[in-house]
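Down below is the structure, laid out as structure tokens.
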Amino acid sequence: MRGERDDAALVVTGVGTVNALAHSAPAFAAALRTGTCAVAPVTGFDATGYRSRVAAEVKDLAVPDWIPSPLRRRASRSDLFALVATAEALADSGLDVAAAPARVGIVLGATTGGMMAAETCVRDRIDGRIARYAKGPLVATPISTSADVLAAVFGLAGPRLVLSTACSSSANALGIGLDWIRLGRADAVVAGGTESLCRTIFAGFNALKAMSPEPCRPFDRRRAGLNLGEGAAVVVIERAADAAARGAHVHARLLGYGTSADAHHLTAPHPEGTGAALAMQRALARAGVDAAAIDYVNAHGTGTPLNDGIEAAAIHAVFGDHTARVAVSSTKGTVGHTLGAAGALEALATVIALRDGFVPPTVSLEDPDPACDLDLPRASRDAELRYALSNSYGFGGNNTSVVLGRA
Amino acid sequence: MTMDRDALKLKLKELLVSGLRLQDMAPSGIADDQPIFVEGLGLDSIDALELVVLIEEHFGIAIPDEEVGKSAFASINALAEYIRAEQARAG
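Sequence order for the protein chains is X and D.
Its first residue numbered 34, the first sequence is counted upward by one per residue in our numbering.
Its first residue numbered 3, the second sequence is counted upward by one per residue in our numbering.
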């Protein structure tokens with residue numbers, strides 16, 4: 034076996050999340066173990082007439098008092114989710130940002146930003162409810178705003194980036210954060226993703242007939258599409274040595290990531306899954322971890338007919354005979370597909386699995402598709418996991434896999 | 003024609019609350035001499051831009067530059083005085 038890379042072993046010292054299941058990482062860990070499904074009828078807007086009228090929405094999230102006044106009024110849902118998740122992750126890490134603010138970076142994946150509020154503005158204007166556009170919601174529309182808001186509120190003065198590669202966005206954010214530290218551009222990075230449900234994206238997935246009218250069933254013979262979700266997940270990563278020096282708690286290790294492009298189609302994955310397999314292989318090579326050492330794969334597992342079969346084939350291609358010994362699950366059946374936040378949210382689920390020693394289930398899976406011949410736990414399973422992969426595949430053939438290891 | 007001073011101040015407070023969506027604030031909770039920006043009502047520069055447009059829409063009075071804005075937006079008192087002076091000037 035090749036040796037795990039130790040040139041700059043990175044660790045996750047802080048975790049935070051807001052999603053349809055939970056408003057904190059500990060609550061998320063508990064819900065993952067239980068296998069709760071948060072998919073329910075859409076309440077954020079009128080979904081009448083759509084093929085699917087369900088989603089995994091964040092509900093009853095109080096706007097915290099510590100958010101400064103203009104932001105409290107103006108922050109988009111995406112910004113709000115990111116603020117709450119980042120506050121949790123930073124507090125959890127115990128990192129003293131103020132000691133060296135320019136050495137703390139922030140990188141987020143996102144796809145919709147403040148689109149929901151912008152849609153409401155445009156609709157109010159067209160329907161004559163407002164005479165002109167209010168500036169607040171429009172200022173909060175671009176996806177770049179989320180990182181600006183976090184940097185200002187938490188005093189993060191290091192490298193800053195919001196990236197968008199569709200549904201692999203925040204998996205790439207973790208990768209970029211890892212690169213920044215390994216390249217010496219930052220000592221710690223707040224990395225994650227944030228996403229809020231909006232009509233435009235909902236209508237788009239509806240038009241593509243990609244949404245299931247019922248809670249999604251990844252890897253099931255009767256799977257009929259995905260459910261959209263929303264939320265944010267944020268991790269604080271830093272060098273293992275730095276974390277040890279300040280006595281920080283380590284949730285898991287971030288070891289490497291790999292990317293590839295299908296260069297094939299705007300929405301469909303490559304039928305051979307070669308891009309998906311390549312991303313996994315590159316991530317393993319980068320981490321210096323053998324495929325045979327992987328105990329768990331948190332699959333992209335959207336529940337669409339196309340994705341799951343191709344992903345299963347790619348897993349077989351990468352793991353060969355070892356495939357039977359790799360537990361695979363999709364956590365999208367619990368929190369929906371959170372698009373720009375999905376990569377980080379699922380990496381967080383993987384961190385929790387490694388830390389707490391269990392494989393989260395694929396909820397709603399009843400009748401596994403023979404075309405997805407994998408070890409697919411339907412209830413949470415206790416397991417001492419050493420290494421795990423988290424897969425994220427985005428529209429346009431954006432493939433990213435992240436390798437994580439037990440602390 | 004100028005508005006009664008107290009009626010004008012009340013109207014400005016209502017405009018602030020509704021126009022800038024200060025959901026957790028009542029017009030009666032704003033003091034006449036309270037600073038409108040930063041430490042006062044906690045408004046920022048984007049709110050200032052919005053307020054410039056609101057004043058123009060409701061009173062037909064322009065805030066031509068940042069210098070004028072700074073003094074006119076110092077408080078409700080200052081804003082009321084500015085509007086009354088501009089209205090008087092316009093006859």
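We put the beta carbon where it would ideally sit given N, CA and C, even for glycine.
Quick caveat, the model's predicted, so the values are computed rather than measured.
I want to verify the contact list: residues of chain D whose CB lies under 7 Å from the CB of residue i, in sequence order.
i	result
Lys92/X	Within 7 Å Cβ-Cβ: nothing; Lys92/X doesn't reach chain D, min ~19 Å.
Ser446/X	Because residue 446/X is not part of the residues shown, which for chain X are 34 to 440, the question remains open.
Between residue i and residue j, what straight-line distance do the alpha-carbon atoms span, to the nearest angstrom?
i	j	result
Gly280/X	Gly291/X	30 Å
Gly62/D	Tyr83/X	45 Å
Leu387/X	Leu418/X	5 Å
Leu183/X	Asp253/X	39 Å
Leu9/X	Leu381/X	Shown here, chain X extends from 34 to 440; a query on residue 9/X therefore has no answer.
Leu339/X	Ala257/X	10 Å
Ser57/X	His355/X	35 Å
Gly138/X	Asp35/D	41 Å
Asn424/X	Asn432/X	8 Å
Val396/X	Leu372/X	19 Å
Gly47/X	Ala122/X	4 Å
Val223/X	Ala42/X	16 Å
Val51/X	Val70/D	43 Å
Pro401/X	Arg358/X	17 Å
Ala345/X	Gly68/X	22 Å
Phe238/X	Glu379/X	21 Å
Ala412/X	Glu16/D	56 Å
Leu56/D	Val140/X	37 Å
Ala82/D	Met27/D	20 Å
Arg162/X	Ala150/X	15 Å
Thr145/X	Pro170/X	13 Å
Val384/X	Gly49/X	12 Å
Val195/X	Ala377/X	13 Å
Ser293/X	Ala309/X	7 Å
Please confirm if residue i has its CB atom under 7 Å from at least one CB of chain X.
i	result
Ile48/D	yes
Gly44/D	yes
Met3/D	Unreliable placement is indicated for Met3/D, whose pLDDT of 49 sits below 50; the coordinate value is still reported in the next sentence. It does not: the Cβ of Met3/D has no partner Cβ on chain X nearer than 7 Å.
Could you tell me whether the Cβ of residue i comes closer than 7 Å to any Cβ of chain D?
i	result
Lys365/X	no
Ala421/X	no
Met34/X	Residue confidence for Met34/X is low, a pLDDT of 45 falling below 50, so the modelled location carries little weight; the figure read from the coordinates is stated next. For Met34/X, the answer is no, since every Cβ of chain D falls outside 7 Å of its Cβ.
Considering only C-alpha positions, which residue in the set the options is nearest to residue i?
i	options	result
His282/X	Ser293/X, Ile270/X, Ser85/X, Gly289/X	Ile270/X
Leu10/D	Gln25/D, His60/D, Asp67/D, Gly93/D	His60/D
Leu12/D	Ser30/D, Pro37/D, Ala90/D, Glu58/D	Ser30/D
Asp275/X	Ala257/X, Arg215/X, Ile327/X, Pro304/X	Arg215/X
Ala374/X	Thr119/X, Asp295/X, Leu104/X, Ala326/X	Thr119/X
Leu94/X	Leu116/X, Arg86/X, Phe78/X	Leu116/X
Ala350/X	Ser397/X, Ser425/X, Gly210/X, Leu407/X	Leu407/X
Leu259/X	Phe235/X, Pro403/X, Ala164/X	Phe235/X
Ala312/X	Tyr166/X, Asp389/X, Gly208/X, Thr383/X	Gly208/X
Trp99/X	Gly44/D, Ala50/D, Ala90/D, Leu51/D	Gly44/D
Phe391/X	Ala53/X, Ala64/X, Gly336/X	Ala64/X
His303/X	Ser177/X, Gly342/X, His284/X	Gly342/X
Pro251/X	Gly161/X, Thr337/X, Ala71/X	Thr337/X
Ala76/D	Asp46/D, Ile38/D, Ala64/D, Ala87/D	Ile38/D
Ala204/X	Arg439/X, Ala167/X, Tyr426/X, Gly430/X	Tyr426/X
Against residue i, what residues of chain X qualify as contacts under a CB-to-CB distance less than 9 Å, listed in chain order?
i	result
Glu52/D	Ala167, Lys168, Gly169
Say the cut is 6 Å; is the CB of residue i nearer than that to a heavy atom of the ligand SAH?
i	result
Pro170/X	You won't find the ligand SAH in this model; it holds no ligand whatsoever.
Using 10 angstroms around the beta-carbon of residue i, count the other beta-carbons present and answer buried if the total reaches 16, otherwise exposed.
i	result
His298/X	exposed
Glu263/X	buried
Val436/X	buried
Val87/X	buried
Ser20/D	exposed
Glu68/D	exposed
Lys365/X	buried
Thr443/X	Look at the range of chain X in this structure, 34 to 440, and you will see that residue 443/X is not part of it.
Ala266/X	buried
Ser47/D	exposed
For residue i, return the contacting residues in chain X, with the cut-off set at a CB-CB distance below 8 Å.
i	result
Gln25/D	Arg106
*Mind listing which residues of the region 170 to 193 of chain X have their C-beta closer than 8 Å to chain B's C-betas, in chain order?*
The structure shown contains no chain B; its protein chains are X and D.
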